[in-house]
Amino acid sequence: MVMKEIPKSHPRYFSLETREQLAKAVKKGITHETGLIAHGRGEAFDYLIGEKTIPFADDAERVAAALLILAKNPVISVNGNVAALSPRACVTLAESVPAKLEVNLFHRTQKRVRLIVKELKKNGAKQVYGENVDTSIPGLLHDRGLCSNEGIYVADVVLVPLEDGDRCQAFRNMGKKVIAIDLNPISRTARMAHITIVDNVVRALPAIERWVKGLKHFDQADLQNMISSFDNIQMLRDVLGFLSKRLNSLL
Ligand code: ATP
52 MVMKEIPKSH PRYFSLETRE QLAKAVKKGI THETGLIAHG RGEAFDYLIG EKTIPFADDA
112 ERVAAALLIL AKNPVISVNG NVAALSPRAC VTLAESVPAK LEVNLFHRTQ KRVRLIVKEL
172 KKNGAKQVYG ENVDTSIPGL LHDRGLCSNE GIYVADVVLV PLEDGDRCQA FRNMGKKVIA
232 IDLNPISRTA RMAHITIVDN VVRALPAIER WVKGLKHFDQ ADLQNMISSF DNIQMLRDVL
292 GFLSKRLNSL L
């Protein structure tokens, strides 16, 4: 079948292009088919917030950057959707912090892990963890718990774009700080993370990187203050307030 080009002038160009990108990644074996459903939920929330970075997300991106800069051993966890949508942004963010990259999949197969590692390396990553998992996150019984001892297991800060609530909770139980990127402000993940970025991963990763570059030379005490004064639950309430105001103003 010949895929029709989506004209750039189409009002839903970005959204349609993103769907194509994910569909291709499913065909290549990078993304599991259920990733399309997870994307659909994210896309619906993106539609509701207006498909742009809202001020509350920008603020969370700033605080996330501060936490990554201060971390001793930060790791970015990459799944099939993130590898399909933002492989290069994962690599450049990891370089700017610097942070490690580890592949972690809900529907884990060695083949899919290998394909994602290859995709990240094609986008410039020098080292990617997750192929040879040698330990697991206590309390997580499914394959998402498998991890690398040198990567996620020893991390003090984990950035989890598109996460599920259980793993987020398990990370917290291990004493790790969790930064989540999740367009759904009421997901278990969003409520469980220390910092939740209610933004599309495609916008959020480059935004965090810009903040990392901007804040890198700030005093540690100033960065620490940014983190201490951030209240994630209050921010999520503010996002819901923003959403209801926006929806009420549409008709
Ligand atoms: P939870 O356990 O946290 O309640 P869930 O299991 O219901 O989450 P999943 O099915 O794992 O959620 O879906 C992943 C989440 O990722 C959804 O909440 C969705 O809003 C979000 N999401 C999907 N695509 C994107 C994207 N491109 N950017 C940011 N978030 C996204």
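Residues in the sequence shown are numbered consecutively from 52, following our numbering.
By construction, the Cβ of each residue, glycine as well, lies at the ideal position given by its N, Cα and C atoms.
*By Cβ distance below 6 Å, which residues in the same chain neighbour residue 240 in space, the five residues on each side in sequence not counted?*
For this step, residue 240 is matched to residue 189 along the sequence shown. Cβ contact annotation for residue 240 (same chain, cutoff 6 Å, sequence separation greater than five): 214, 216, 219, 231 and 233, in chain order.
*According to the neighbour-count rule (16 or more other Cβ atoms, all chains shown, within 10 Å of its Cβ), is residue 224 buried or exposed?*
What you label residue 224 is simply residue 173 of the sequence shown in a count that begins at 1. Label assigned to residue 224: exposed.
*asked:* Taking DSSP's pairing of strands, which residues face residue 180 in a bridge?
replied: Taking the first residue of the sequence shown as position 1, residue 180 is located at position 129. Residue 180 is bridged to 153.
*Using the beta-carbon count (16 or more within 10 Å), is residue 280 buried or exposed?*
By one-based count along the sequence shown, residue 280 stands at place 229. Result: exposed.
*Output the distance between the C-alpha atoms of residue 246 and residue 97, rounded to the nearest integer angstrom.*
Here residue 246 refers to the residue found at position 195 when the sequence shown is read from its first residue. Here residue 97 refers to the residue found at position 46 when the sequence shown is read from its first residue. For residue 246 and residue 97, the distance between alpha carbons rounds to 18 Å.
*Can you tell me the Cα-Cα spacing of residue 70 and residue 125, whole angstroms?*
The sequence position of residue 70 within the sequence shown is 19, counting from 1. The sequence position of residue 125 within the sequence shown is 74, counting from 1. Rounded to the nearest angstrom, the two C-alpha atoms are 30 Å apart.
_Between the alpha carbons of residue 64 and residue 185, how many angstroms are there, rounded?_
Looking up residue 64 in the sequence shown gives position 13. Looking up residue 185 in the sequence shown gives position 134. Roughly 42 Å between the two C-alpha positions.
_Cutoff 7 Å; reference residue 244; Cβ partners in own chain excluding five residues on either side_ = Here residue 244 corresponds to residue number 193 of the sequence shown, with the count starting at 1. Only 219, 229, 230, 231 and 283 meet the Cβ criterion.
*asked:* residue 278 and residue 117 - do their beta-carbons sit closer together than 8 Å?
replied: As a working mapping, residue 117 is identified with position 66 in the sequence shown. As a working mapping, residue 278 is identified with position 227 in the sequence shown. For residue 117 and residue 278, yes; Cβs fall inside 8 Å.
*Within this structure, are the beta carbons of residue 57 and residue 170 separated by less than 8 Å?*
The residue labelled residue 57 in the question sits at position 6 within the sequence shown. The residue labelled residue 170 in the question sits at position 119 within the sequence shown. Not in contact: residue 57 and residue 170 (Cβ atoms no closer than 8 Å).
*asked:* Applying the 10 Å Cβ sphere with the 16-neighbour rule, what's the burial state of residue 250?
replied: Here residue 250 refers to the residue found at position 199 of the sequence shown. Answer is buried; the Cβ neighbour count reaches 16.
*List the endpoints of the continuous beta strand (DSSP E) containing residue 231.*
Here residue 231 corresponds to residue number 180 of the sequence shown, with the count starting at 1. Its beta strand (DSSP E) spans residues 228 to 232.
*Within 10 angstroms of its Cβ, does residue 297 collect 16 or more other Cβ (buried), or is it exposed?*
For the purposes of this step, residue 297 is taken as residue 246 along the sequence shown, with counting starting at 1. Classification for residue 297: exposed.
*Below 8 Å between beta carbons: does that hold for residue 133 and residue 152?*
Here residue 133 corresponds to residue number 82 of the sequence shown, with the count starting at 1. Here residue 152 corresponds to residue number 101 of the sequence shown, with the count starting at 1. Going by C-beta atoms, residue 133 is not nearer than 8 Å to residue 152.
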